[in-house]
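Novice: Counting in UniProt numbering, the sequence shown runs from 1 upward without gaps.
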Amino acid sequence: MRTTVGIIGGGPAGLLLARLLHRTGIDCVVLESRTRGYVEQRQRAGMLEQGTVDALRECGAADRLEAEGLVHNGIELRFGRERHRIDFPVLTGGRTVTIYAQTEIVKDLVELQLADGPPLLFEAEVLAVENAAEEPGGGAPLVRFVHDGREQTLTCDYVVGCDGFHGIARDAFPAAVSRTYEHEYPYSWLGILADVAPSCEELIYARGPGGFALHSMRSTSVSRLYLQVPNGTDADDWPDERIWDELDARFAIDGDWRLERGPITSKSVTGMRSYVHEPMRHGRLFLAGDAAHIVPPTGAKGLNLAVSDVRVLARAFAELHRSGSTQLLDSYSELCLERVWQATRFSNDMTRMLHAQPDGDAFEDRLQLARLRRIAASRPAAAELAANYTGLPLAATV
Ligand code: FAD
Ligand code: DHB
Numbered sequence: 001m002r003t004t005v006g007i008i009g010g011g012p013a014g015l016l017l018a019r020l021l022h023r024t025g026i027d028c029v030v031l032e033s034r035t036r037g038y039v040e041q042r043q044r045a046g047m048l049e050q051g052t053v054d055a056l057r058e059c060g061a062a063d064r065l066e067a068e069g070l071v072h073n074g075i076e077l078r079f080g081r082e083r084h085r086i087d088f089p090v091l092t093g094g095r096t097v098t099i100y101a102q103t104e105i106v107k108d109l110v111e112l113q114l115a116d117g118p119p120l121l122f123e124a125e126v127l128a129v130e131n132a133a134e135e136p137g138g139g140a141p142l143v144r145f146v147h148d149g150r151e152q153t154l155t156c157d158y159v160v161g162c163d164g165f166h167g168i169a170r171d172a173f174p175a176a177v178s179r180t181y182e183h184e185y186p187y188s189w190l191g192i193l194a195d196v197a198p199s200c201e202e203l204i205y206a207r208g209p210g211g212f213a214l215h216s217m218r219s220t221s222v223s224r225l226y227l228q229v230p231n232g233t234d235a236d237d238w239p240d241e242r243i244w245d246e247l248d249a250r251f252a253i254d255g256d257w258r259l260e261r262g263p264i265t266s267k268s269v270t271g272m273r274s275y276v277h278e279p280m281r282h283g284r285l286f287l288a289g290d291a292a293h294i295v296p297p298t299g300a301k302g303l304n305l306a307v308s309d310v311r312v313l314a315r316a317f318a319e320l321h322r323s324g325s326t327q328l329l330d331s332y333s334e335l336c337l338e339r340v341w342q343a344t345r346f347s348n349d350m351t352r353m354l355h356a357q358p359d360g361d362a363f364e365d366r367l368q369l370a371r372l373r374r375i376a377a378s379r380p381a382a383a384e385l386a387a388n389y390t391g392l393p394l395a396a397t398v
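(1) How big is the Cα-Cα spacing for tyrosine 38 and glutamate 334?
(2) Let me check you understand the geometry: is the CB of methionine 1 closer than 6 Å to at least one non-hydrogen atom of ligand 1?
(3) Consult DSSP for histidine 72 and reduce its assignment to one of helix, strand or coil.
(4) List the whole-angstrom C-beta distance separating valine 160 from valine 5, where the pair is believed to meet the contact cut-off of C-beta under 8 Å.
(5) Go through its chain and collect everything with a Cβ distance to serine 325's Cβ below 6 Å, but skip five positions before and after it.
(6) Here's the rule: buried if 16 or more other CB atoms are within 10 angstroms of the residue's CB, otherwise exposed. What is tryptophan 257?
(7) In chain order, what are the residue ranges of uninterrupted alpha helix (DSSP H) at least 4 long that sit wholly in the region 307-390?
(8) For isoleucine 105, which of Gly14, Phe173, Phe346, Ala343 has the nearest alpha-carbon?
(9) Where do the N-terminal and C-terminal ends of the beta strand (DSSP E) with threonine 153 fall, by residue?
(10) Looking at C-beta atoms only, is the number of pairs between the region 224-238 and the region 207-216 that lie closer than 8 Å three or more?
(11) Among Phe286, Val90, Val222, Ala61, which has the Cα closest to the Cα of asparagine 73?
(12) Considering only heavy atoms of ligand 1, does any lie closer than 6 Å to the CB of glycine 51?
(13) Grouping DSSP H, G and I as helix and E and B as strand, with all else coil, what is alanine 396?
(14) What does a CB cutoff of less than 6 Å around valine 108 pick up in its chain, not counting 5 residues either side in sequence?
(15) If you reduce the DSSP assignment to three classes, tell me which class tyrosine 100 lands in.
(16) From glycine 11 to aspartate 163, what does the alpha carbon distance come to, in whole angstroms?
(17) Answer with buried or exposed for proline 358, where buried requires no fewer than 16 other C-beta atoms within 10 angstroms of its C-beta.
(18) Cα-Cα, which of Thr96, Gly46, Ala314 is closest to glutamine 102?
(19) From this set, His277, Leu190, Thr92, which residue's C-alpha is nearest serine 178's C-alpha?
(20) Answer yes or no: do tryptophan 244 and arginine 261 have a C-beta to C-beta separation smaller than 7 Å?
(21) Note down the Cα distance separating threonine 397 from leucine 305, rounded to an integer number of angstroms.
(22) Around the Cβ of aspartate 309, are there at least 16 other Cβ atoms within 10 angstroms (buried) or fewer (exposed)?
(23) Can you name, in chain order, every residue of its own chain whose Cβ lies under 8 Å from the Cβ of aspartate 27, other than the five neighbours on each side?
(24) Can you determine whether any heavy atom of ligand 1 sits closer than 6 Å to the C-beta of glycine 299, and answer yes or no?
(25) Can you have a look at alanine 67 and say buried or exposed, based on whether 16 or more other CB atoms are within 10 angstroms of its CB?
(26) Any heavy atom of ligand 2 closer than 6 Å to the Cβ of arginine 250?
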């Protein structure tokens with residue numbers, strides 16, 4: 001098989017890149033190791049920045065999002081048994097965010113892709129990428145993968161690793177070129193889906209007794225909630241009643257508010273990590289999304305970063321296709337990393353401000369409260385949070 005852009009991974013980054021390339025007449029092939037059912041059911045993100053919605057609209061994948069997505073004008077911070085609203089349009093000059101599940105984005109993109117191409121192969125596990133790190137003029141990049149029970153090859157002009165944090169594309173960077181920056185946080189999230197109408201109209205980020213809790217949603221009848229738990233937690237040790245009791249305690253305020261309970265349909269534990277691989281390009285090999293960087297989920301930046309990477313990359317390939325210029329491709333890594341580090345900083349700040357210290361460090365505890373109080377009391381401090389949460393702009397070139 002031969003193509004212009006070989007895309008490894010059919011998560012949001014790989015699928016959206018394929019659609020954006022298809023629109024500009026650039027051919028590509030997407031290789032995804034899992035089944036269609038698996039990628040469409042994997043519970044993850046839910047909060048979309050405006051730029052993410054715009055990118056999906058640009059490639060004709062926003063019909064259902066526009067009909068079913070929930071536009072939110074703010075979030076609530078809860079601490080010290082009080083609630084504080086952060087009003088996005090007021091603080092940012094009109095910006096909002098949209099709640100629409102990653103599972104639904106993936107379903108919408110897969111459906112379009114299977115309807116009018118380019119090729120998307122499920123159960124196609126990539127084993128290795130060869131020659132991709134060579135400079136243009138060297139041998140053509142080659143992707144080795146297993147599909148239909150036999151090993152096959154895909155020859156490409158360029159390879160894009162959209163294969164998530166546990167993918168293999170990063171391994172094709174020469175060790176002398178790769179620099180990695182990493183931090184593991186001393187807590188995890190237990191995430192649940194429940195068949196109950198959300199108990200709030202906007203997301204609640206709570207720093208309660210015992211730690212962090214987040215109330216999000218998937219629709220007007222499905223709630224998505226998260227609880228800070230110790231690393232190594234087994235979801236089976238959390239029966240439903242224990243989860244609801246703990247959520248009740250962490251969201252408690254002085255005043256009238258009630259957390260509605262309902263049947264829990266899914267439970268899973270996620271670790272929290274910051275990770276950045278630099279550079280995001282070497283020769284003909286590019287990384288996009290979680291393959292290049294991971295942020296802890298507090299602040300909801302992961303999917304949004306993946307989308308902004310592939311937007312930049314699609315425009316760079318379009319420029320090459322149109323004019324033969326590699327100028328945008330050459331600046332891809334630098335441009336994306338600027339935004340990646342800003343999101344890494346913001347996600348780290350949000351995480352540290354809202355999670356209880358497992359070692360019970362009283363000094364850190366007081367600093368957290370001081371940070372939260374500052375945001376509640378100061379318009380510029382709240383505006384800074386709102387600007388980051390709703391998404392910092394890409395540089396002027398794209
Ligand atoms: P992935 O979604 O990981 O996709 C990579 C794909 O590559 C997978 O389908 C995988 O099967 C495939 N693959 C891997 N190896 C191979 C191989 N060798 N061959 C072929 N295919 C391969 N982000 C937000 O922006 N907002 C949120 O609200 C938010 N909430 C989150 C909540 C939780 C609990 C978690 C865990 C994450 C959350 N995120 C959020 C992060 C977001 O889900 C990820 O950043 C996003 O999935 C990244 O997309 P991706 O396409 O880069 O990678
Ligand atoms: C969701 C996840 C997040 O990490 C976040 O900060 C907001 C919302 C969600 O899954 O809905």
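Here a beta-carbon is modelled for each residue, glycine too, at the ideal position from N, C-alpha and C.
Just so we're clear, the structure is a prediction, and the values are computed from it rather than from any experiment.
Specialist: Working from what's here:
(1) 33 Å
(2) no
(3) strand
(4) 6 Å
(5) Here the set comprises Glu319.
(6) exposed
(7) As far as the region 307-390 is concerned, its whole alpha helix (DSSP H) runs of at least 4 residues are 327-354, 362-377, 379-390.
(8) Gly14
(9) 150-161
(10) yes
(11) Val90
(12) Distance from the C-beta of glycine 51 to the nearest heavy atom of ligand 1 is not below 6 Å.
(13) With a pLDDT of only 40 at alanine 396, under the threshold of 50, the placement of this residue in the model should not be trusted; the figure read from the coordinates follows. In the structure shown, alanine 396 sits in coil (DSSP, three-state: anything other than H, G, I, E or B).
(14) The amino acid occupying residue 108 in the given sequence is aspartate; valine does not appear at that position. Cβ neighbours of aspartate 108 beyond the five flanking positions: Ala61, Arg64.
(15) coil
(16) 7 Å
(17) Within a 10 Å sphere around the beta-carbon of proline 358 sit fewer than 16 other beta-carbons, which makes this residue exposed.
(18) Gly46
(19) His277
(20) Yes. Within cutoff.
(21) Interpretation of threonine 397 is limited by its pLDDT of 38, a score under 50 that renders its predicted location unreliable; the figure taken from the coordinates is listed afterwards. The straight-line gap separating the alpha-carbon atoms of threonine 397 and leucine 305 is approximately 17 Å.
(22) Burial state of aspartate 309 is buried, judged by a 10 Å Cβ sphere holding 16 or more other Cβ atoms.
(23) Thr3, Thr4, Val5, Leu21, Pro118
(24) No, Cβ of glycine 299 sits at least 6 Å from all heavy atoms of ligand 1.
(25) exposed
(26) No, the Cβ of arginine 250 stays beyond 6 Å of every heavy atom of ligand 2.
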